[in-house]
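Trainee:
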Amino acid sequence: MMKFFSNKWTKRVISLLSLVYCAFVGFFAYFSIYYNMVVTQPQQATTMVTAVSVIMLIIMLYTREQFFTKLSSIFLLPAMVLPILMYFGQWNILVPPLVVALVIFFFSGMGETGKTVWGTLILLIYLVASLIYFVVTSMFAPSTVTTTILSGNSPSGLYRCTVNETVDSSNGSTKVTIEPNAMDKDFTLVLFQIKGLERDVMIERPMQPNVTIEWKTEKRADISKDLKKISNNIEVTLSEKQMAILGKDAYKVTFSDGSEQTMSGEAYHGVIIPLTAEMRKELETDATELALDGMGPNTKNICGVSVEDLRTIRLSSLTDEELARLGVPEEGDVLYYNGKVVFRYYIAILEEYFALDKRELGLW
Numbered sequence: 287m288m289k290f291f292s293n294k295w296t297k298r299v300i301s302l303l304s305l306v307y308c309a310f311v312g313f314f315a316y317f318s319i320y321y322n323m324v325v326t327q328p329q330q331a332t333t334m335v336t337a338v339s340v341i342m343l344i345i346m347l348y349t350r351e352q353f354f355t356k357l358s359s360i361f362l363l364p365a366m367v368l369p370i371l372m373y374f375g376q377w378n379i380l381v382p383p384l385v386v387a388l389v390i391f392f393f394s395g396m397g398e399t400g401k402t403v404w405g406t407l408i409l410l411i412y413l414v415a416s417l418i419y420f421v422v423t424s425m426f427a428p429s430t431v432t433t434t435i436l437s438g439n440s441p442s443g444l445y446r447c448t449v450n451e452t453v454d455s456s457n458g459s460t461k462v463t464i465e466p467n468a469m470d471k472d473f474t475l476v477l478f479q480i481k482g483l484e485r486d487v488m489i490e491r492p493m494q495p496n497v498t499i500e501w502k503t504e505k506r507a508d509i510s511k512d513l514k515k516i517s518n519n520i521e522v523t524l525s526e527k528q529m530a531i532l533g534k535d536a537y538k539v540t541f542s543d544g545s546e547q548t549m550s551g552e553a554y555h556g557v558i559i560p561l562t563a564e565m566r567k568e569l570e571t572d573a574t575e576l577a578l579d580g581m582g583p584n585t586k587n588i589c590g591v592s593v594e595d596l597r598t599i600r601l602s603s604l605t606d607e608e609l610a611r612l613g614v615p616e617e618g619d620v621l622y623y624n625g626k627v628v629f630r631y632y633i634a635i636l637e638e639y640f641a642l643d644k645r646e647l648g649l650w
């Protein structure tokens with residue numbers, strides 16, 4: 287048995303586990319950018335993270351002379367920078383992997399010169415990252431006091447809302463914010479709530495003394511009728527993909543010769559405009575052609591091209607069948623604030639409130 291564990295090939299195979307652990311820490315760093323961490327069962331989560339970290343530390347010390355373990359010892363500490371900054375204070379989750387990273391860095395089989403060089407670089411990474419983070423957060427930190435007074439999930443569980451009161455020098459304000467629930471990552475012991483997709487659906491000044499919120503489930507057809515009663519001119523802006531689903535063109539292009547052409551988003555992104563000698567001179571470029579979708583307003587003007595965006599359409603022009611094709615369910619969640627509608631699932635889906643390409647980078 288001792289011979290088996292002392293065999294170099296055994297150590298090389300087992301050292302692959304260090305890469306797995308390194309990848310785990312890497313995913314943790316990724317999650318820290320895009321998700322808030324909520325430890326739902328602190329005791330069990332702490333026990334599990336500590337146990338895994340202890341086991342991995344033993345394995346990595348056992349294989350400390352192997353290439354993969356040496357490689358992991360270099361990347362573990364830098365990978366922990368973002369989790370420490372983003373989840374600062376949640377030490378029951380942060381300390382175990384941080385201890386593993388520190389111990390294996392100093393006790394790995396890497397030479398002293400390598401440790402000195404990499405140690406200096408890693409220390410600089412921590413210092414610079416911490417400085418930038420705290421300077422930026424200090425600059426953008428609000429001088430007001432905000433308190434969450436109400437919160438709740440929609441009947442379908444797809445959305446959550448919070449009502450926040452902000453005290454400031456102008457009698458304060460009350461704000462209602464909606465976030466998606468379905469995009470969270472629930473790992474039983476730890477819940478990662480997506481961030482960067484918060485949508486403020488109502489801001490009221492001054493701060494309201496009495497606030498009530500109520501979720502209701504309403505039918506698509508009924509919402510359409512209610513919106514038409516409000517106005518037939520309510521508009522929504524659809525994406526190119528949504529316009530394609532409806533079989534409608536997304537853009538109308540007028541070319542320099544006066545000809546006009548409506549086209550889908552896909553076709554629009556493939557349009558190439560040839561440049562005359564005069565155009566090249568005015569644009570100060572040697573290119574003989576330019577992609578239309580990459581042109582700015584001034585370039586389009588010089589080339590004699592104009593583009594009309596057809597994606598903004600009247601809501602009243604969409605039939606119930608078209609709404610269904612666009613992914614609007616037959617019924618869904620509607621939020622009332624003090625008896626007034628402030629959020630409809632219907633509009634959220636059409637305007638893609640919570641599309642991932644609209645997510646803001648949550649570094650602070």
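Under the working numbering, think of the first position of the sequence shown as 287, with each following residue one higher. Backbone N, C-alpha and C fix where the C-beta goes; we use that ideal spot for every residue, glycine too. Computed from a predicted model, the values in this text were never measured in an experiment.
(1) Based on the DSSP secondary-structure assignment, which residues constitute the bridge partners of M323?
(2) Starting from the C-beta of Q327, find all residues in its chain whose C-beta is less than 7 Å away, skip the five residues before and the five after it, and write them out in chain order.
(3) Does any CB atom of chain B fall closer than 8 Å to the CB of Y554?
(4) State the CB to CB distance for the pair V539 and M529, rounded to an integer number of angstroms; the pair is presumed to be in contact (CB under 8 Å).
(5) Beta carbon of Y316, beta carbon of S358: below 8 Å?
(6) Please go through the same chain and pick out, in chain order, the residues whose beta-carbon is closer than 7 Å to the beta-carbon of L513, but skip the five residues on each side of it.
(7) Would you call S301 buried or exposed, if buried means 16 or more other Cβ atoms sit within 10 Å of its Cβ?
(8) Residues in the same chain with beta-carbon distance under 6 Å from M346, minus the five sequence neighbours each way, listed in chain order, please.
(9) What is the DSSP secondary structure of N584, counted as helix, strand or coil?
(10) I need the boundaries of the alpha helix (DSSP H) containing E568, first residue and last residue.
(11) Does the distance from the C-beta atom of V497 to that of T460 stay below 8 Å?
(12) Report the three-state DSSP secondary structure of T523 (helix, strand or coil).
(13) Distance check for T349 and G395, CA to CA, integer angstroms please.
(14) Where does A573 fall in DSSP's three states?
(15) Note down the Cα distance separating I435 from F353, rounded to an integer number of angstroms.
(16) I believe L371 touches A415 by the beta-carbon criterion, under 8 Å. Please report the beta-carbon distance rounded to the nearest angstrom.
(17) Would you say the stretch 439–447 touches the stretch 617–629, given that touching needs at least three Cβ pairs under 8 Å?
(18) Flag this pair as yes or no: are the beta carbons of V593 and Y537 separated by less than 8 Å?
(19) Hey, how far is the Cα of A641 from the Cα of D454?
(20) Mind checking who V539 pairs with in its DSSP beta bridge?
(21) For the alpha helix (DSSP H) containing R298, name the first residue and the last one.
(22) I need the straight-line Cα distance from D535 to I509, nearest angstrom please.
(23) Leaving out the 5 sequence neighbours to the left and right, which residues in its chain are closer than 6 Å to E452 when beta-carbon positions are compared?
(24) Could you tell me the distance, in whole angstroms, from the CA atom of F314 to the CA atom of L410?
(25) Check whether the stretch 476–489 touches the stretch 601–616, taking contact to mean three or more Cβ pairs, one atom from each stretch, closer than 8 Å.
(26) Count the other CB atoms, across all protein chains shown, that sit within 10 Å of the CB of E465; report buried if there are 16 or more and exposed otherwise.
(27) Indicate the three-state DSSP secondary structure (helix, strand or coil) for D454 in the structure shown.
(28) How far does the alpha helix (DSSP H) with L357 in it reach, from first residue to last?
(29) Could you spell out where the alpha helix (DSSP H) holding K644 opens and where it closes?
(30) Which runs of the alpha helix (DSSP H) spanning at least 4 residues fall entirely within the stretch 375–450, listed in chain order?
(31) Is it buried or exposed, A468, if we count other Cβ atoms within 10 angstroms and call 16 or more buried?
(32) Please report how far the alpha carbon of E398 lies from the alpha carbon of W404, in whole angstroms.
(33) With which residues is P335 paired in a DSSP beta bridge?
(34) I'd like to know whether the C-beta atoms of Y320 and V367 end up nearer to each other than 8 Å.
(35) Do you know offhand how far D643's Cα is from I344's?
(36) I'd like the span of the alpha helix (DSSP H) that includes L609, first residue to last.
Mentor: Working from what's here:
(1) Within the DSSP secondary-structure output, M323 pairs in a beta bridge with F478.
(2) Answer for Q327: L475, listed in chain order.
(3) Annotation note: the requested chain B is absent from the structure, which comprises a single protein chain.
(4) 15 Å between Cβ atoms; not a contact.
(5) No, they are not a contact pair.
(6) Within the same chain, and ignoring the five residues on either side of L513 in sequence, the residues whose Cβ sits closer than 7 Å to its Cβ are I520, L601.
(7) With 16 or more other CB atoms across the displayed protein chains lying within 10 angstroms of its CB, S301 is buried.
(8) Spatial neighbours of M346 in its own chain (CB-CB distance under 6 Å, excluding positions within 5 residues in sequence) are listed in chain order as S304, T355, I390.
(9) Here N584 sits in helix by DSSP.
(10) Its alpha helix (DSSP H) spans residues 563–569.
(11) A contact, by the Cβ cut-off of 8 Å.
(12) For T523, the three-state secondary structure derived from DSSP is strand.
(13) Looking at the two C-alpha atoms, the distance is approximately 9 Å.
(14) Here A573 sits in coil by DSSP.
(15) Straight-line Cα distance between these residues: approximately 54 Å.
(16) Under the criterion of beta carbons closer than 8 Å, L371 and A415 qualify as touching, at roughly 7 Å.
(17) With the cut-off at 8 Å, the stretch 439–447 and the stretch 617–629 touch.
(18) Closer than 8 Å, so yes.
(19) Using only the alpha carbons, I get a separation of about 32 Å.
(20) Answer is Q547, V593, bridged to V539.
(21) From DSSP, the alpha helix (DSSP H) with R298 extends over 294–300.
(22) Each residue's Cα considered, the two are about 26 Å apart.
(23) Note on identity: in this sequence residue 452 is Thr, with Glu being the wrong assignment. Excluding positions up to five away in sequence, the list reads T430, T432, G458, S459.
(24) So the alpha carbons of these two residues sit roughly 21 Å apart.
(25) Three or more beta-carbon pairs separated by less than 8 Å are not found between the stretch 476–489 and the stretch 601–616, which leaves the two stretches without contact.
(26) Burial is judged here by how many other beta carbons sit within 10 angstroms of a residue's own beta carbon; E465 has at least 16 and is buried.
(27) In the structure shown, D454 sits in coil (DSSP, three-state: anything other than H, G, I, E or B).
(28) Residue range 353–365 is occupied by the alpha helix (DSSP H) that includes L357.
(29) Counting along the chain, no alpha helix (DSSP H) covers K644, and no H or E run does either.
(30) Runs of the alpha helix (DSSP H) inside the stretch 375–450: 377–393, 398–426.
(31) Exposed.
(32) Their Cα atoms are separated by approximately 10 Å.
(33) It should be pointed out that residue 335 corresponds to Val in this sequence rather than to Pro. As DSSP reads the structure, V335 sits in no beta bridge.
(34) The Cβ atoms of Y320 and V367 do not sit closer than 8 Å to each other.
(35) C-alpha of D643 to C-alpha of I344: approximately 42 Å in a straight line.
(36) Note, L609: alpha helix (DSSP H), 606–611.
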